[in-house]
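First comes the structure, then the notes that go with it.
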Amino acid sequence: MIGKKMEEALNGQINAELYSAYLYLSMEAYFGGENLPGFANWMRVQTQEELMHAMKIYDYVAERGGRVVLKAIEQPPAKWNSPLSVFEAVYKHEQKVTGLINDLVNLAVEEKDHATNSFLQWFVTEQVEEEDNASTVLGQLKLIKDSPQALFMMDKEMGQRVFRPPATEGE
Ligand code: FEO
Numbered sequence: 057m058i059g060k061k062m063e064e065a066l067n068g069q070i071n072a073e074l075y076s077a078y079l080y081l082s083m084e085a086y087f088g089g090e091n092l093p094g095f096a097n098w099m100r101v102q103t104q105e106e107l108m109h110a111m112k113i114y115d116y117v118a119e120r121g122g123r124v125v126l127k128a129i130e131q132p133p134a135k136w137n138s139p140l141s142v143f144e145a146v147y148k149h150e151q152k153v154t155g156l157i158n159d160l161v162n163l164a165v166e167e168k169d170h171a172t173n174s175f176l177q178w179f180v181t182e183q184v185e186e187e188d189n190a191s192t193v194l195g196q197l198k199l200i201k202d203s204p205q206a207l208f209m210m211d212k213e214m215g216q217r218v219f220r221p222p223a224t225e226g227e
């Protein structure tokens, strides 16, 4: 059985992951409007990743005999100035999420909740990848600066990203 404090904190993280999905879905809409379908695809995959994160926590809370309580999801921004400013926001957001995960791990340690601590380690590792993905794209966008040709090429590459559900990971 999960403790009340941990349950509440995990419910908060479900909300944060759903907000992340909402944010990236809004970024997908932005890229769609900018005629960058590859970048839009990247965001669709990222949205699916975030929904998977939320469901992973949802299932865990239920599995531990806790109660999932869904809260309102904040409205994400709808406009950005450039692909570069979008990815600056993505990188910043992922760093914030890493901080939230670290706070949850700290709480699990404080509460002596070893099961939740162990569960959260997947997210600790995942955040390394999440930050790396964002900073790689951000770095590339900084390199290409204002070159439309390079942006066009990059869009093609971003279109290759595919969502891999956890069950098929590593296959
Ligand atoms: Fe769920 Fe992008 O971290």
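Under our numbering, the residue at position 162 of the sequence shown is numbered 218, and the numbers go up by one with no gaps.
In this text, a Cβ means the ideal position worked out from N, Cα and C, and glycines have one as well.
In this text, all values refer to a predicted model and were calculated from it rather than measured experimentally.
Beta-carbon proximity of residue i to residue j, cut-off 8 Å
i, j, result
"Ser76", "Glu106", "yes"
"Val113", "Glu73", "The sequence shown places Ile at residue 113, not Val. Yes, the Cβ-Cβ distance between Ile113 and Glu73 is below 8 Å."
"Gly94", "Glu213", "yes"
"Leu160", "Leu176", "yes"
"Phe179", "Ile157", "yes"
"Tyr80", "Met99", "yes"
"Glu84", "Thr103", "yes"
Spatially closest choice to residue i from the options, by CA coordinates
i, options, result
"Gln196", "Val184, Met209, Glu186 and Glu185", "Met209"
"Arg123", "Pro222, Gly59 and Arg220", "Gly59"
"Phe87", "Gly155, Ile70 and Ser138", "Ser138"
"Tyr147", "Asp202, Glu119 and Val184", "Val184"
"Leu126", "His109, Met57, Tyr78 and Glu64", "Glu64"
"Met111", "Ala145, Asn67, Leu207 and Ala164", "Asn67"
"Arg120", "Gln69, Met62, Lys198 and Leu92", "Met62"
"Lys152", "Ala190, Met57, Thr172 and Lys201", "Ala190"
Which of helix, strand or coil DSSP assigns to residue i
i, result
"Ala128", "coil"
"Ala77", "helix"
"Glu100", "This sequence places Arg at residue 100; Glu is not what is there. Helix."
"Leu163", "helix"
"Pro222", "helix"
"Glu84", "helix"
"Leu92", "coil"
"Met57", "coil"
"Lys148", "helix"
"Asn137", "coil"
Buried versus exposed call for residue i [16 or more other C-beta atoms within 10 Å across all chains shown]
i, result
"Gln205", "exposed"
"Ala134", "exposed"
"Asp188", "exposed"
"His170", "exposed"
"Val165", "exposed"
"Asp211", "buried"
"Val193", "buried"
"Val117", "buried"
"Leu163", "buried"
"Leu92", "buried"
CB contact check: residue i to chain C, cutoff 8 Å
i, result
"Asn162", "Reference to chain C is not applicable here, since this structure consists of a single protein chain."
Where the alpha helix (DSSP H) containing residue i begins and where it ends
i, result
"Met210", "Pro204 to Met214"
"Glu182", "His170 to Ile200"
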